[in-house]
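Here the structure comes first, spelled out in structure tokens, and everything after it is commentary.
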Amino acid sequence: MLTKKKRNDIIKNILFYLVLILIWQLVFMIGTQWLKWWKPYAFPNPKGVVEVLVRLCLNATLLHAIGKSVLRALFGFLISAVMGVAAGVVLYRMRKVRKYIGPLIMGMQTLPTVCWVPFAILWFGLTEKAIIFVVVMGSTCGVAVSVEKGIENINPLYIKAARTMGARGLTLFKEVIVPASLPEVITGLRHGWSFAWRALMSGEVMASTVGLGHTLVLGRDLADINQVMLVMIVIILIGIAVDKCIFNQIEKQVLRRGRGRN
Numbered sequence: 609m610l611t612k613k614k615r616n617d618i619i620k621n622i623l624f625y626l627v628l629i630l631i632w633q634l635v636f637m638i639g640t641q642w643l644k645w646w647k648p649y650a651f652p653n654p655k656g657v658v659e660v661l662v663r664l665c666l667n668a669t670l671l672h673a674i675g676k677s678v679l680r681a682l683f684g685f686l687i688s689a690v691m692g693v694a695a696g697v698v699l700y701r702m703r704k705v706r707k708y709i710g711p712l713i714m715g716m717q718t719l720p721t722v723c724w725v726p727f728a729i730l731w732f733g734l735t736e737k738a739i740i741f742v743v744v745m746g747s748t749c750g751v752a753v754s755v756e757k758g759i760e761n762i763n764p765l766y767i768k769a770a771r772t773m774g775a776r777g778l779t780l781f782k783e784v785i786v787p788a789s790l791p792e793v794i795t796g797l798r799h800g801w802s803f804a805w806r807a808l809m810s811g812e813v814m815a816s817t818v819g820l821g822h823t824l825v826l827g828r829d830l831a832d833i834n835q836v837m838l839v840m841i842v843i844i845l846i847g848i849a850v851d852k853c854i855f856n857q858i859e860k861q862v863l864r865r866g867r868g869r870n
């Protein structure tokens, strides 16, 4: 059961977004009908977006695109998470590797994802592998840096106390380092997901026949600004949903267990 406070918060959020939509519609009417600042086809409007939503849902285009994009993103993210966590641990454990490779990984993290698209097309062609490659390259470095920093920022007293009690090697890593760094590692994975989701759009725009990126480009090619806007809104909503429904819940569980141990 929802508490009264939560119900009120939900109602306030709904009212806020309804007001936002009304303002959007008003801006459209003022700009296109009254002041003639722009053409109706050049500025999206709520009514047009809803009409496109209904049309794409009825012919299953949108649902198919969402399914393909989410599967690609999850598959690419899982690969990048495994690779990123492994790289982060190596960076933490091996100082020489961190000294020489660390700045390179940090630099690659700041590289725009679209830079990997030409490599993906040349190496893999216009295939699923090309898109997955872009996703992996777009998120792995971010995960690696976050994991390495998360382990490095552990309170030194935890490690000293564990060593005083005889913990060494794998036991120290498993019983102290992993639990202590887990909150920051999860934050790193959350950032990695956001990088992967954005990277996927770059890959799909350039190399996909089915997916949200392709649906967005199709809207552009058809000069359908409402379809472009709809896809942008769907991309945002999926990103928020994954963050709230998955990473937020995992984070709460980890924090709850941490308080239980304390």
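So in the working numbering, the last spot in the sequence shown is 870, and the numbers never skip.
Ideal Cβ positions, reconstructed from N, Cα and C, are used throughout, including at glycine.
Owing to the predicted nature of the structure, the values given are computational and were not obtained by experimental measurement.
Worksheet item: Looking at the unbroken alpha helix (DSSP H) that takes in Trp632, where does it start and where does it end?
Response: DSSP places Trp632 in the uninterrupted alpha helix (DSSP H) bounded by 612-637.
Discussion item. Considering just the uninterrupted stretch of the alpha helix (DSSP H) at Cys665, what are its terminal residues?
Written reply: Per DSSP, Cys665 belongs to the alpha helix (DSSP H) from 654-666.
Practice prompt. Could you check if Lys676 is buried or exposed, using at least 16 other CB atoms within 10 Å of its CB as the buried criterion?
Written response: Answer is buried; the Cβ neighbour count reaches 16.
Worksheet item: Measuring CA to CA, which of Gly821, Ala831, Leu686 is closest to Val813?
Response: Comparing Cα-Cα distances from Val813 to each of Gly821, Ala831, Leu686, the minimum goes to Gly821.
Fill in: Boundaries of the alpha helix (DSSP H) in which Asn763 is found, first to last residue
For Asn763, there is no enclosing alpha helix (DSSP H), as DSSP marks it with neither H nor E.
Worksheet entry | alpha helix (DSSP H) runs wholly inside the region 714-792, at least 4 long, in chain order | If we require 4 residues or more, the alpha helix (DSSP H) runs fully inside the region 714-792 come out as 725-732, 736-760, 764-772, 777-780.
Worksheet entry | Nearest residue (CA-CA) to Val693, options Lys860, Ile618, Ala668, Lys757 | Nearest of Lys860, Ile618, Ala668, Lys757 to Val693, Cα basis: Lys757.
Worksheet item: Using the beta-carbon count (16 or more within 10 Å), is Tyr700 buried or exposed?
Response: Tyr700 should be labelled buried.
Discussion item. Contact between the region 655-667 and the region 712-727 is defined here as three or more beta-carbon pairs at a separation below 8 Å; is this criterion met?
Written reply: The region 655-667 vs the region 712-727: no contact.
Worksheet item: Would a C-beta distance cut-off of 7 Å place Thr721 and Ala804 closer than the cut-off?
Response: Taking 7 Å as the Cβ cut-off, Thr721 and Ala804 do not qualify as a contacting pair.
Discussion item. Counting C-beta neighbours from all protein chains within 10 Å, is the total for Cys723 16 or more, i.e. buried, or is it exposed?
Written reply: Cys723 comes out exposed.
Worksheet item: What are the boundary residues of the alpha helix (DSSP H) that Phe683 is part of?
Response: Per DSSP, Phe683 is one residue of the alpha helix (DSSP H) stretching across 669-701.
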